[in-house]
Amino acid sequence: MKRPSLKSGLPIVVTHFLYGKLETNQSGGQHVEPVDLLPLLSESQPRRLRVVENLLRGRRTVSTLYWGQRYHLLSLLNLNKTLTRGGLDDTAAALVAHGWAQIDAEKETVQLTAAGAAQRDAKVYYQPVTTEQWPYLDHQVLRARLFLAIQVVSQYAHSQAQYYPLQVDLAARQAVRRWFHTMKGPTLAATISAALTASLTKIPTMAADVLTAQFTGFNQPGVTSEQQAQLTGKTTWELYLMQLDGLTQVALDARQP
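Heads up: take any position in the sequence shown, counting from 1, add 2, and you land on this note's numbering.
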């Protein structure tokens, strides 16, 4: 997929707008399909579906955090804050209908069957590499600021002042505006491009491609998760995990002195 041109392929210059005051945290809202739920369940450990749901919704109760740690799923925290209560019930029911899971209604737990474990292990599903950092980052703020900055720099590199900026929250617009007016100059595009490339070479190629294909820039509108799902055969949730890997790696590198 074509990437927005920056006139060359984020260093510390992005730190100020990526790590400003985080005033918003909205979920990407991707739907969790049965194939996405499989990696979150176990054949040897019954798991409370409500715990998985509450982690995604960002419910930081003692019980949720305790069981999230026991399940090794704390990386899910805040990843889908628009998920409604009971939002995974139909997904779990679909696993049961396929014979891939069984539900203990009394204990309110879900456990993979042997067939479900085999189905999970047989599928090549993306394994994120930056999950340990996820609970400490606001990915929606990072995404809004990074995507707008990429668009602004790309258009600036091509001397374009008339374009429709991405619709992001006011805090993101202000942060990027301050950053751009401080950093703009003839080498900004090349600097951003080189540093972004350096960051994304540290994660799997497909994840890097997924993230950069969504960038909007000069003569490049950027693709949606739904379009990528049709092109790749991946679910929007799996693509979302890839995007999170990319955002996290860029953010981590931006923090380096």
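Backbone N, C-alpha and C fix where the C-beta goes; we use that ideal spot for every residue, glycine too. The structure displayed is predicted, hence computed values, not measured ones.
Reducing DSSP to helix, strand and coil, say where residue i ends up.
i	result
LEU43	coil
ASP140	coil
ALA177	helix
HIS183	helix
THR66	helix
THR111	strand
ILE105	strand
GLN222	strand
ARG59	helix
Between the options, which lies nearest to residue i when the distance is taken from Cα to Cα?
i	options	result
PHE149	LEU213, GLN229, LEU58	LEU213
HIS168	ARG145, SER201, LYS186	Note that residue 168 is Leu in the sequence shown, not His. It is ARG145.
GLU55	GLU35, ASN82, VAL64, GLN32	ASN82
ILE194	ALA159, GLN232, GLY224, THR226	ALA159
HIS100	ALA119, LEU202, GLN129	ALA119
LEU233	GLN222, ASP211, HIS183	ASP211
ASP123	ASP38, PRO188, THR203, ALA192	ASP38
VAL126	ALA96, GLU240, SER46	GLU240
THR203	ALA96, GLN216, ASP247	ASP247
Report buried or exposed for residue i, applying the criterion of at least 16 other Cβ atoms within 10 angstroms of its Cβ.
i	result
LEU243	buried
LYS23	With a pLDDT of 38 at LYS23, under the threshold of 50, the modelled position of that residue is not reliable, and the figure given next carries that caveat. Per the 10 Å Cβ criterion, exposed.
THR93	buried
ASP255	buried
GLN230	buried
THR63	exposed
HIS74	exposed
SER156	buried
PRO130	buried
Whose C-beta lies closer than 6 Å to the C-beta of residue i among residues of the same chain, with five residues either side of it excluded?
i	result
LEU85	LEU58, ARG59
GLY30	Residue confidence for GLY30 is low, a pLDDT of 48 falling below 50, so the modelled location carries little weight; the figure read from the coordinates is stated next. Contacts found: TYR242.
GLU25	Confidence is the limiting factor: at GLU25 the pLDDT is only 33, short of 50, which leaves the residue's position unreliable, though a coordinate-based value still follows. Excluding sequence neighbours, GLU25 sits near ALA173.
LEU51	LEU90, ALA94, VAL112
Between which residues of its own chain and residue i is the CB-CB distance below 8 Å, once the five residues before and five after are set aside?
i	result
ARG175	LEU150, PRO167
ASN27	Because the pLDDT of ASN27 is 34, which lies under 50, any placement of that residue in the model is unreliable, and the number read from its coordinates should be weighed accordingly. So the list reads GLY60, ASN80, LYS83, ASP140, GLN142, VAL143, once near-sequence residues are dropped.
PRO41	ARG122, TYR127
Excluding the 5 residues preceding and the 5 following residue i in the sequence, name in chain order all residues of the same chain whose CB lies nearer than 7 Å to its CB.
i	result
THR250	THR132, GLN135, TRP136, LEU139
SER201	LEU12, GLN251, VAL252, ASP255
THR237	GLU35, VAL37, ASP38, ALA231
Quick check: does the Cβ of residue i come within less than 6 Å of any heavy atom belonging to the ligand ATP?
i	result
TYR127	Absence of the ligand ATP is noted for the structure shown, with no ligands found whatsoever.
Please list the segments of the alpha helix (DSSP H) lying wholly inside the stretch 143-175, counting only runs of 4 or more residues, in order along the chain. none
Within the stretch 79-105, note down every full alpha helix (DSSP H) run reaching 4 residues or more, in order along the chain. 91-99
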